[in-house]
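Report on the structure given below.
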Amino acid sequence: MLNRVILIGRLTRDPELRYTPAGVAVTQFTLAVDRPFTGQGGEREADFIPVVTWRQLAETCANYLRKGRLTAVEGRIQVRNYENNEGKRVYVTEVIADNVRFLESNRDSSGGGGNREESSFGGGSSNSGGNRGNNNNSRNNQDPFSDEGKPIDISDDDLPF
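Each residue of the sequence shown is one higher than the last, beginning at 1 in UniProt numbering.
Dropping the structure here:
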């Protein structure tokens with residue numbers, strides 16, 4: 001059985017950090033993910049997907065993620081339910097993230113341009129709590145799609161095989 005999801009979207013608001021009674025950090029935020037087609041009015045539609053992170057990853061997300069930031073989330077889908085005050089059963093579907101990548105720096109999301117930065121933070125895996133940024137050589141900091149459809153020059157050194 002497999003329950004794995006990867007999403008790329010923008011935060012709809014700043015993450016909300018809380019602590020359980022046992023002192024475990026938990027962060028909730030919503031990711032707006034564009035659909036690959038337009039609606040009847042020709043407008044792009046989006047899905048708003050709730051994301052939950054735990055422990056160190058939760059604290060990292062609360063410290064570094066902000067509304068509007070382009071973010072990649074990797075995790076699993078979880079469906080839980082509870083009974084509300086009116087006695088009705090409420091079902092909640094959310095993504096429990098174990099890896100979050102910040103796909104742009106603070107400068108990029110505020111409209112300042114500048115170098116792109118990618119940081120990855122994960123929990124519960126071998127890269128737990130790690131921060132992997134791109135190399136500092138200028139070639140990795142360029143937008144690979146800036147040629148607007150023109151052929152991209154790729155050397156044999158760039159290929160993984």
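Beta carbons: idealized from backbone N, C-alpha and C, even for Gly.
Contacting residues, own chain, Cβ-Cβ under 6 Å from residue i (five flanking each side not counted)
i	result
Leu17	Thr27, Ala62
Phe29	Leu11, Pro15, Val51
Lys67	Leu11, Arg13, Asp14
Arg44	Asp34, Thr38
Asn135	Bear in mind that a pLDDT of 42 at Asn135, under 50, signals an unreliable position, so the number given afterwards is only what the model happens to contain. Within the same chain, Asn135 has no close Cβ partners at all.
Beta carbon of residue i nearer than 8 Å to that of residue j
i	j	result
Arg55	Phe102	no
residue 224	Val95	This structure cannot settle anything about residue 224, because the visible part of the chain is limited to 1 through 161.
Ala25	Val33	no
Thr53	Val100	yes
Leu31	Ile6	no
Proximity winner among the options, relative to residue i (alpha-carbon distances)
i	options	result
Thr93	Glu104, Phe37, Arg76, Pro36	Arg76
Glu104	Asn84, Gly9, Ala22	Gly9
Arg4	Asn85, Gly87, Gln78, Tyr82	Gln78
Own chain partners of residue i with C-beta closer than 7 Å, once the 5 adjacent residues on each side are dropped
i	result
residue 163	Not covered by the structure: residue 163. The range shown for the chain is 1 to 161.
Between the CA atoms of residue j and residue i - distance to the nearest angstrom
i	j	result
Ser125	Asp98	The pLDDT assigned to Ser125 is 40, lower than 50, so where the model puts this residue is not dependable; a value taken from the coordinates is nonetheless given after this. Each residue's Cα considered, the two are about 8 Å apart.
Gly113	Thr71	Below a pLDDT of 50, predicted positions are generally treated as unreliable, and Gly113, at 43, falls in that range; the measurement from the model is reported next regardless. Computed Cα separation, rounded: 17 Å.
Gly41	Gly23	47 Å
Pro36	Gly87	38 Å
Buried/exposed call for residue i, threshold 16 Cβ in 10 Å
i	result
Ala58	buried
8 Å CB neighbourhood of residue i in its chain, flanking five on each side removed
i	result
Thr20	Val26
Asn81	Arg89, Val90, Tyr91, Val92
Glu83	Arg89, Val90
Leu2	none
Asn85	none
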